[in-house]
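Here is the structure we will look at.
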Amino acid sequence: MSGWIDIKKEIPQDNQRILAYIPNNKVFLPGMQLDFAMREVVILHFRKNFFADNAEKRNKHGLHFWSGEGNSNHYYHDVTHWRAIPEGPLA
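Residue numbering for the sequence shown follows my numbering, starting at 22 and increasing by one per position.
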């Protein structure tokens, strides 16, 4: 996985918007009857120490959290790798 960073080796900066790799991630399709697509690469925001004040969730899901765009939030351990979003093409 060239360019991908193992979450066990390094985490993003707090509130950083990144590309996240989530193995076997199912995304339900809007307007469809329980139809879904496999999307293992999604855009997420890293939330450092998100569950610092909630011991129950911290113990169950980990200290950090990933917030998505729309209904795509994920617990910390769902993501295995991440990378910075590349810059767009230059004009």
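Ideal placement from N, C-alpha and C gives every residue a C-beta, glycine not left out.
Predicted, not measured: the structure shown is a model, and the values here were computed from it.
Cβ distance (whole Å) where residue i is taken to contact residue j below 8 Å
i	j	result
F67	I39	6 Å
E61	I43	6 Å
Local conformation of residue i per DSSP, three classes
i	result
D99	helix
S76	According to the sequence shown, residue 76 is Ala rather than Ser. Residue state, collapsed to three classes: helix.
K81	helix
K47	strand
W87	strand
F71	coil
Among the options, the one whose alpha carbon lies nearest that of residue i
i	options	result
S23	E108, P110 and R104	R104
I28	T101, L111, P110 and G109	T101
N70	V48, M59 and H82	H82
Through-space distance from residue j to residue i, alpha-carbon basis
i	j	result
L55	S93	16 Å
P107	H85	23 Å
P110	R79	40 Å
I26	I64	15 Å
F49	E90	14 Å
C-beta atoms of residue i and residue j nearer than 8 Å
i	j	result
D74	W87	no
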